[in-house]
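Asker: Just passing along the structure, written as structure tokens.
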């Protein structure tokens, strides 16, 4: 199982450094988990790029349609009180931004519940270091 935060997941839809690793992950049919907050974060990132003219509007619309088709295939981690409490604890323990902490808490919640190894994928060095301390395998994209 692989948990992707938004910085990794977005590489499925936008060509940037690390996209090849993410596309290979999808080709191998890995189970991809992410937090429900990634839905809003992906749209925010795509729309910002379109507004800043880094992403042509036609491509933006195409990518949004693809994301909508694929969203139901992801294993979505719902935000609940247990995850919020883990988020709080991780924020106290590490210098994390709130959404990064939610992603790490979501992955940790599922990893602990399933009692299994899990890979945590993201593009943020600080978040990867925190995930490493929480005993995740890492996918740096």
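In our numbering, the protein residues as written are -11 to 129. All residues carry an ideal CB built from backbone N, CA and C; glycine is no exception. The structure presented is a predicted model; accordingly, all values stated were derived computationally and were not measured.
1. Buried or exposed: residue 102, going by 16 or more other Cβ atoms within 10 Å of its Cβ?
2. Classify residue 56 as buried or exposed, calling it buried when 16 or more other Cβ atoms lie within 10 Å of its own Cβ.
3. Would you identify the three-state DSSP class for residue 77, choosing helix, strand or coil?
4. By alpha-carbon positions, which one of 120, 24, 8 and 116 ends up nearest to residue 66?
5. Got a sec? Which residues, its chain only, sit under 7 Å from residue 7 by beta carbon, not counting five neighbours each side?
6. Identify whether residue 65 lies in helix, strand or coil by the three-state DSSP scheme.
7. When DSSP labels each residue in this structure, what does residue -9 get in the three-state scheme?
8. Grab me the residues of residue 127's own chain with a C-beta within less than 6 Å of its C-beta, minus the 5 sequence neighbours each way, in chain order.
9. Measure the Cβ-Cβ separation of residue 97 and residue 70 and say whether it is below 8 Å.
10. Please name the residue, chosen from 88, 105 and 64, that lies closest to residue -5 on a Cα-to-Cα basis.
11. Taking the straight line between their C-alpha atoms, what separation do you get for residue 59 and residue 28?
12. Locate the alpha helix (DSSP H) running through residue 11, then write down its first and last residues.
13. Please tell me whether, using a cut-off of 7 Å, the distance from the CB of residue 51 to the nearest non-hydrogen atom of the ligand COA is below it.
Answerer: Straight from the coordinates:
1. exposed
2. exposed
3. helix
4. 24
5. -1
6. strand
7. strand
8. 107 and 109
9. yes
10. 88
11. 12 Å
12. 7 to 15
13. Among the ligands in the structure shown, none appear at all, so the ligand COA cannot be discussed.
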